[in-house]
Amino acid sequence: MRLCWPENFLQGKRSVWITAAITFFLFLIANLPWQLDDYDQAKQAFTSFEMIKEGRWFYQHTPHEHVATKPPLIGWISAGLFSITRSWDIAWRLPSFLAAVAMAILLFRAATSAYGSVAGLIAFSAFGLNLLSPRLATLVRTDMPLALVIFLIGLLIWEKIRRGTVWKPRDRICLFALLTVAMLIKGPIVYAFLLPGIVVFQWRHGRVGALLRLPKAFGTARRPYQSAPLQSAWSSWWPWVASLAIFLLWAIGGILFIPGFFHEVVVREFAARFAETVHHPQPVYFYLPHLLHKFAPWSVLMIAVAIVDLHTRNWRLPSAFREMSPETFWLLCWGVGGLIAMSLIPSKRVDRIFPVVPPLCLLLAAQVSGTVSAPRQAVAEAWRPFLVVALIFGILFTGGYTILKVVSGYRDHRDALAVFGRKVRHEAEARQWRCEVVSAKDEGLLLYLRKTHFIEPDRAQAEWNDGNLDALVVSTEKAPAVMPQLQGAAVSQLKSNQARDGRQTGYVLITR
Numbered sequence: 160m161r162l163c164w165p166e167n168f169l170q171g172k173r174s175v176w177i178t179a180a181i182t183f184f185l186f187l188i189a190n191l192p193w194q195l196d197d198y199d200q201a202k203q204a205f206t207s208f209e210m211i212k213e214g215r216w217f218y219q220h221t222p223h224e225h226v227a228t229k230p231p232l233i234g235w236i237s238a239g240l241f242s243i244t245r246s247w248d249i250a251w252r253l254p255s256f257l258a259a260v261a262m263a264i265l266l267f268r269a270a271t272s273a274y275g276s277v278a279g280l281i282a283f284s285a286f287g288l289n290l291l292s293p294r295l296a297t298l299v300r301t302d303m304p305l306a307l308v309i310f311l312i313g314l315l316i317w318e319k320i321r322r323g324t325v326w327k328p329r330d331r332i333c334l335f336a337l338l339t340v341a342m343l344i345k346g347p348i349v350y351a352f353l354l355p356g357i358v359v360f361q362w363r364h365g366r367v368g369a370l371l372r373l374p375k376a377f378g379t380a381r382r383p384y385q386s387a388p389l390q391s392a393w394s395s396w397w398p399w400v401a402s403l404a405i406f407l408l409w410a411i412g413g414i415l416f417i418p419g420f421f422h423e424v425v426v427r428e429f430a431a432r433f434a435e436t437v438h439h440p441q442p443v444y445f446y447l448p449h450l451l452h453k454f455a456p457w458s459v460l461m462i463a464v465a466i467v468d469l470h471t472r473n474w475r476l477p478s479a480f481r482e483m484s485p486e487t488f489w490l491l492c493w494g495v496g497g498l499i500a501m502s503l504i505p506s507k508r509v510d511r512i513f514p515v516v517p518p519l520c521l522l523l524a525a526q527v528s529g530t531v532s533a534p535r536q537a538v539a540e541a542w543r544p545f546l547v548v549a550l551i552f553g554i555l556f557t558g559g560y561t562i563l564k565v566v567s568g569y570r571d572h573r574d575a576l577a578v579f580g581r582k583v584r585h586e587a588e589a590r591q592w593r594c595e596v597v598s599a600k601d602e603g604l605l606l607y608l609r610k611t612h613f614i615e616p617d618r619a620q621a622e623w624n625d626g627n628l629d630a631l632v633v634s635t636e637k638a639p640a641v642m643p644q645l646q647g648a649a650v651s652q653l654k655s656n657q658a659r660d661g662r663q664t665g666y667v668l669i670t671r
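Here the numbering used here runs 159 ahead of the position in the sequence shown, where the first position is 1.
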């Protein structure tokens, strides 16, 4: 009887709807007030802006006119959304938000179908109620869309293993399409999250040979695998090679036709990630403590369940692996393999490890359902009160942290530069000013003013004195040197002053 109330709480539809409402609300508000001044958001936003303004659909630049280092797919999506909504804020942030919502729903459905309604709620909550997902859900970056595509690939493999079915031509085409999308979002990094887990899974189930055999023809399944139900994570080589070939076509085109592409993309963005001079390398263990912290309380719950399970086996770890179902072992390989592979790359940032979170959510669902190894329903039911505590703590911890961050953002005027840019833009439109921006450190300023290029001080002086400009936006650092050279110039009351990264940055509007 003591377990009745946790069971009812976790299985009730009201709990699911309340958790979903809180999760999606946190997704929406986590980055308020919206601005583009951190996490390289301005670089990603500028790609779609340049597509619309200058028609650069395949290769773009950063606001400071360096070559953009990411493939253009998310930029295409944002450009299409802008054509529909006419709002850049929606166009830039909606792809990540929709990807987060889609991933949460898919996780809930997959976990519910495999492990039951309680496990589905826990998987959904683990994905939404942590410190990573809400922040990435409306961040102008490619992390959330990439995580969705990687999750769809891993989920496809998980379903093939769980159902014990062979890889058919339709499955391979689907895999090829997903891999191509991932390549056009962020390049071959998708391999780091999936291939290590696939290799370990194939080795564990004695099918490493399948990795070494090329298919005889397009879409041809290997005959030895058609006679009996399988647990194979490997489809064939061609989806992986063909999707890489498409990415290489884009890269080769950039090398041949875009000045600076080879140095910025191939050398600096890709090759330098494996060196220790350009991207401020971090130690191998960097991701592990950050993941334990950002994924709390679910990381703590996963470790606790694993320790208790091992204790019931008298600490016989081989026994746990022997009894572990193939689909659960794949989740372990997928999540841990991606974590290890990314940890071996010297260049690290916490957001980059996010694609390992969805498989860990499914793995947690398998743990709390009692199906990690042999059925242990009594043990699973004993965890129900702790699941309720974890869910409530997740809501309070994530919700409280997110709301405090939003409140502090408005209190500290974190969007001061965005507000300044919007006011200047509206003033210029109302007075029909010809306005430009003198080169500055803040890349987002161009986007706030809807400009595609900065202007150098010497050119600004010449254009102003020739009567071709009515207004200039200048940083407070450059204003004392620029003002005396401008005939009939006056400083407007519109100003911006913001403290960020330990430095004070300010801008003024100069008018006639």
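Glycine residues also receive a C-beta, built at the ideal position from the N, C-alpha and C atoms. Values in this document were obtained by computation on a predicted structure and should not be read as measured data.
Assigned exposure category for residue i - 16 Cβ within 10 Å defines buried
| i | result |
| --- | --- |
| H220 | buried |
| V566 | exposed |
| W176 | exposed |
| N289 | buried |
| R543 | buried |
| Q194 | buried |
| S284 | buried |
| G496 | buried |
| P683 | This structure cannot speak to residue 683, because the chain is shown only from 160 to 671. |
| F406 | buried |
| T664 | buried |
| D196 | buried |
| I512 | buried |
| S242 | exposed |
| R300 | buried |
| T182 | buried |
| K229 | buried |
Among the options, nearest to residue i - alpha-carbon criterion
| i | options | result |
| --- | --- | --- |
| Y569 | K319, N190, F286 and A479 | N190 |
| I188 | D197, P293, E209 and W176 | P293 |
| L672 | G559, L668 and E586 | With the chain covering only 160 through 671, there is no way to say anything about residue 672. |
| L451 | V515, L563 and I320 | V515 |
| V597 | F208, I504 and D617 | D617 |
| I348 | I243, D302 and T561 | D302 |
| D510 | R671, F445, F545 and A465 | F445 |
| I320 | P485, G553 and Q657 | P485 |
| A430 | G494, A296 and G346 | G346 |
| S506 | F552, H439 and E615 | H439 |
| R331 | P355, S394 and W474 | S394 |
| L298 | I233, P643, T271 and A479 | I233 |
| Q591 | L653, A630, A285 and E615 | A630 |
| S174 | A351, I554 and F579 | I554 |
| A351 | W493, F286 and K229 | W493 |
| L314 | I414, A180, R475 and A269 | A269 |
| C594 | V578, G626 and D601 | G626 |
| R671 | P355, H364, V443 and Q620 | Q620 |
| L653 | E602, I316, A575 and V359 | A575 |
| W399 | G413, R573, A336 and F416 | A336 |
| K453 | F556, E423, G239 and E213 | F556 |
| F217 | P328, I411 and M461 | I411 |
| Y198 | F613, K637, E602 and W623 | E602 |
| S634 | G580, W623, N624 and A589 | G580 |
Reduced DSSP secondary structure (H/G/I, E/B, other) of residue i
| i | result |
| --- | --- |
| L191 | coil |
| L653 | strand |
| H422 | helix |
| A630 | strand |
| I348 | helix |
| V325 | coil |
| G279 | helix |
| G171 | coil |
| V667 | strand |
| A417 | Per the sequence shown, residue 417 should be read as Ile rather than Ala. It is coil, neither helix nor strand. |
| V299 | coil |
| E602 | coil |
| E595 | strand |
Subject >> Sequence ranges, alpha helix (DSSP H) only - wholly within the stretch 220 to 273, length at least 4 >> reply: Taking only runs of at least 4 residues, the alpha helix (DSSP H) segments lying wholly in the stretch 220 to 273 are 232 to 244.
**OP:** Take every Cβ of the stretch 643 to 654, pair it with every Cβ of the stretch 597 to 614, and state whether three or more of those distances are shorter than 8 Å.
**Re:** They do not touch, by the three-pair rule.
Subject >> Uninterrupted alpha helix (DSSP H) stretches inside the stretch 471 to 556 (no shorter than 4 residues) >> reply: Listed in chain order, the alpha helix (DSSP H) runs fully inside the stretch 471 to 556 are 476 to 482, 485 to 502, 516 to 528 and 536 to 541, counting runs of at least 4 residues.
Original post:
Would the stretch 337 to 355 and the stretch 305 to 325 be scored as touching if the rule is three or more Cβ pairs under 8 Å?
Top reply: Remark: three or more beta-carbon pairs, one from each stretch, lie closer than 8 Å, so the stretch 337 to 355 and the stretch 305 to 325 are flagged as touching.
Original post:
How do the stretch 456 to 471 and the stretch 507 to 523 stand: do at least 3 beta-carbon pairs fall below 8 Å, yes or no?
Top reply: Contact between the stretch 456 to 471 and the stretch 507 to 523 is present, because at least three Cβ pairs lie under 8 Å.
Original post:
So, do the stretch 572 to 585 and the stretch 203 to 210 have three or more beta carbon pairs nearer to each other than 8 Å?
Top reply: Touching, no, given that fewer than three Cβ pairs across the two stretches are closer than 8 Å.
**OP:** Count the CB pairs spanning the stretch 274 to 291 and the stretch 209 to 225 that are closer than 8 Å, and state whether there are at least three.
**Re:** As far as the Cβ criterion goes, the stretch 274 to 291 does not touch the stretch 209 to 225, which means the pair count is below three.
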